[in-house]
Structure formats: structure tokens, C-alpha cells
Amino acid sequence: MGINSEKEIEANLQIGPTELGMVRLYIEGNGIDIPMDFDPEEAEEIAEEIRAAAARARAMSSKGPKKG
């Protein structure tokens, strides 16, 4: 499964600080729980990557569908 593969899977994402000063991304879905902890610097890098991806996605969607 790649980044462009669509799946009919539902999941919840929670993001918040832990008692140990980490940032946790917690993914919960159909029989799976995935806690992922990052130090604050890593979390900021991930946030920057998400912002950059959002900007690229926005630019792609504003160009409209490609004609082939």
C-alpha cells in the first residue's frame, strides 16, 4: 500500500502531550491502537512536513484534473 492507495478503513487520530513531555500521535481503528511518541523537535518537523504537503495538495487541486 502506497501513499496514493485508497482504503476503506476508518480510524481516529488524537494528538497531544504526554506526562513525559513527548508529543503523542494516537491512531485508533478497527482492532488497532498505535501510539507514536515524538520529542517536541521531531513533532515540529512532522508539523512542517504536514504543512508542506497541504500546500502541495492545495496547489495540485487548484490546477484541476489532468487531461490525458
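For the sequence shown, the numbering used here assigns the number 1 to the initial residue and increments by one for each residue that follows. All C-beta atoms in this analysis are idealised placements derived from N, C-alpha and C, irrespective of residue type, glycine included. These numbers were taken from a predicted model, which means no experiment stands behind them.
Take every Cβ of the stretch 55-64, pair it with every Cβ of the stretch 32-46, and state whether three or more of those distances are shorter than 8 Å. The stretch 55-64 vs the stretch 32-46: no contact.
So, helix, strand or coil for residue 46, using DSSP? Looking at residue 46 - three-state DSSP - the assignment turns out to be helix.
Taking DSSP as the reference, what is the three-state secondary structure of residue 28? strand
Which one or two residues does DSSP pair with residue 89 in a beta bridge? The question about residue 89 has no answer, for the chain in this structure spans 1 to 68.
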